[in-house]
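This report refers to the structure that appears directly beneath it.
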Amino acid sequence: MSRSERWFEDYTVGEIIRADGVTISEAEILAFAFTYDPQPFHLDKIAAEKSPYGGLIASGWQTGLLGFRMLLQAGLLGKGSMGSPGLDEIRWFMPVRPGDTLYGRASIEDKRESASKPDRGIVRMKYWIENQKGETVMSFFGTQMVLKRPAQS
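Quick note: the sequence shown uses this note's numbering, first residue -15, plus one each step.
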């Protein structure tokens, strides 16, 4: 089974998906901040040096999006994915700086069939984004709605 063909039945509680790393550049941090999170410590190197962070840092939202993209590319979700009703316990533990390499990891925490819609189930996942030192920079839980495998005709 290709992970791109993943359906509800293909998730196993305890399974861990790991993603290859991506290095974040100063230009990427600045571009994201300018468009989505224009706080001085994300956008202005001089102001960032005077901030409690002592230098430019990536937006936490950018960190989460990069981690999620990596995990999608690693096959976390497939054709059965129907989106998510939400995230829980979003935590940012340490800043991400230009030149850091981020790695995504997700574990399948729980799964259950939908009580009201028999064609799908709910999969609860925990996500971690780590840096090149193995330090967790961000974590969160996500709930994913996933279709069951279609009947073969």
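For every residue, glycine included, the Cβ atom is placed at its ideal position computed from N, Cα and C.
In this structure, Gly118 lies away from Trp76, with their beta-carbon atoms at least 8 Å apart. Residue range 85 to 97 is occupied by the beta strand (DSSP E) that includes Leu86. Taking each of Asp103, Lys95, Gly5 in turn and checking the Cα distance to Gly(-2), the smallest one comes out for Lys95.
Collapsing the DSSP output to three states places Trp45 in a helix. A direct Cα-to-Cα measurement between Val80 and Ala90 gives close to 19 Å. In the three-state scheme derived from DSSP, where H, G and I count as helix and E and B as strand, Met66 is classed as coil. Contact between Phe(-8) and Gly62 does not hold, since their C-beta atoms are separated by about 10 Å, which reaches or exceeds 8 Å. Judged by beta-carbon spacing, Met129 lies within the 8 Å limit of Ser68, meaning their Cβ atoms are closer than that value.
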